[in-house]
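Novice: Below: one structure in structure tokens.
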Amino acid sequence: MAEATFIYTRDLRKIYPMGGWNVHALAGLDLDVKRNSLTVVMGPSGSGKSTLLYLLGGLDRPTSGEIRVNGKILEELDENALALYRRHTVGFIFQSFNLVASMTALENVAFPMRFAGIPRRKRKERALELLRQVGLEKHIYHRPTELSGGQQQRVAIARALVNDPPLILADEPTGNLDSASGFSIMQLLAELHQSGRTVLMVTHDSRMTRFSTDIIRLLDGRAVDETEYDSATTLPNLEGTRP
Ligand SMILES: Nc1ncnc2c1ncn2[C@@H]1O[C@H](COP(=O)(O)OP(=O)(O)O)[C@@H](O)[C@H]1O
Ligand SMILES: [Mg+2]
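Residues 2 to 244 (my numbering) make up the sequence shown, in order.
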């Protein structure tokens with residue numbers, strides 16, 4: 002494995018048994034994601050993007066195949082070690098923000114630090130600092146319903162950063178946003194990348210590749226080249242075929 006590789010997978014497979022048959026969500030995926038890259042994983046709905054992020058984030062285990070992140074072989078981690086891996090290595094950002102509705106922005110960001118044994122005052126200080134970083138210092142006492150989609154995603158990004166993880170995994174982070182808010186979230190992810198983190202985001206929106214250093218294309222749980230991807234995802238040109 003090359004020194005510059007941060008995420009490495011070989012023949013990664015995830016099979017979901019569904020009634021009578023098996024869904025091959027990941028069908029033998031080989032990835033080499035560079036350290037400090039902003040890698041965009043493109044793929045249509047159902048191509049295995051979320052499954053991939055769950056496996057890389059240690060939220061689920063593969064059916065077979067190897068995953069190494071930052072030199073760690075995930076298969077060798079027991080449940081405790083995997084929980085520590087999730088807490089210290091990975092920051093997750095979801096399409097639906099996943100904020101706690103009854104908590105303020107400040108509480109949402111401070112909450113995960115409870116489990117890291119950080120004292121209350123320190124948790125608040127850190128949460129404030131992060132909310133300032135994402136431009137929400139005026140909204141710290143707002144609850145999710147009192148924030149726009151873009152602002153909610155900023156809170157979620159601040160929360161993902163509490164334990165200062167070297168890896169950010171983002172699952173269609175702009176999927177629920179209008180294009181202006183989506184663009185500013187992309188800029189924020191680009192800043193995280195510039196500050197030295199590895200950012201892996203999945204999307205089916207090709208505009209989001211604008212800030213990327215690397216692009217991976219997924220079809221049916223496999224990585225494919227640009228030509229194959231384009232011919233499978235571009236609608237045929239129907240001009241002139243109408244009577
Ligand atoms: N928990 C599950 N049980 C059964 N099938 C699943 C499950 N999660 C995902 N799948 C299936 O695996 C495939 C890939 O899903 P997913 O990773 O969510 O794709 P994407 O995020 O690219 O839309 C799809 O066919 C989906 O229906
Ligand atoms: Mg998905």
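For each residue, glycine too, the CB sits at the ideal point set by N, CA and C.
All of these numbers come straight from a predicted model, not from anything done at the bench.
Go to G92, then tell me how far its beta strand (DSSP E) extends in each direction, as first and last residue.
Specialist: Reading the sequence shown from its first residue, position 91 is the one you call residue 92. First-last of the beta strand (DSSP E) with G92: 91-94.
Novice: Per DSSP, which residues does N23 bridge with? Please list them.
Specialist: Residue numbering aside, residue 23 sits at position 22 when the sequence shown is read from its first letter. Paired residues: P18.
Novice: By how many angstroms is the C-alpha of Q154 removed from the C-alpha of D79?
Specialist: For the purposes of this step, residue 79 is identified with residue 78 of the sequence shown, where counting begins at 1. For the purposes of this step, residue 154 is identified with residue 153 of the sequence shown, where counting begins at 1. Distance between the alpha carbons of D79 and Q154 is about 31 Å.
Novice: Taking 8 Å as the cut-off, is the beta-carbon of L30 closer than that to any non-hydrogen atom of ligand 1?
Specialist: The residue given as residue 30 occupies position 29 in the sequence shown. No, the beta carbon of L30 sits no closer than 8 Å to any heavy atom of ligand 1.
Novice: Which of the three DSSP states, helix, strand or coil, is assigned to T146?
Specialist: Sequence index remark: in the sequence shown, residue 146 carries index 145 (1-based). Helix.
Novice: Spell out a yes or no on whether the region 174-193 and the region 9-18 are touching, meaning 3 or more CB-CB pairs, one atom from each, closer than 8 Å.
Specialist: As far as the Cβ criterion goes, the region 174-193 does not touch the region 9-18, which means the pair count is below three.
Novice: Could you tell me the distance, in whole angstroms, from the CA atom of T52 to the CA atom of G150?
Specialist: Taking the first residue of the sequence shown as position 1, residue 52 is located at position 51. Taking the first residue of the sequence shown as position 1, residue 150 is located at position 149. Taking the straight line from one Cα to the other gives about 24 Å.
Novice: Report the CB separation of L148 from A128 in whole angstroms; it is logged as a contact under 8 Å.
Specialist: Here residue 148 corresponds to residue number 147 of the sequence shown, with the count starting at 1. Here residue 128 corresponds to residue number 127 of the sequence shown, with the count starting at 1. Not a contact, Cβ separation roughly 15 Å.
Novice: Measuring CA to CA, which of N99, I94, D221, L132 is closest to M187?
Specialist: As a position in the sequence shown, residue 187 is number 186, starting the count at 1. For M187, the nearest C-alpha among the options comes from I94.
Novice: For L13, list the residues DSSP reports as bridge partners.
Specialist: On the sequence shown, position 12 is the one that residue 13 refers to. DSSP output for L13 lists L30 as bridge partner(s).
Novice: Determine the burial state of E138: buried for a count of at least 16 other Cβ atoms within 10 Å of its Cβ, exposed for fewer.
Specialist: The residue you call residue 138 lines up with position 137 of the sequence shown. It counts as exposed.
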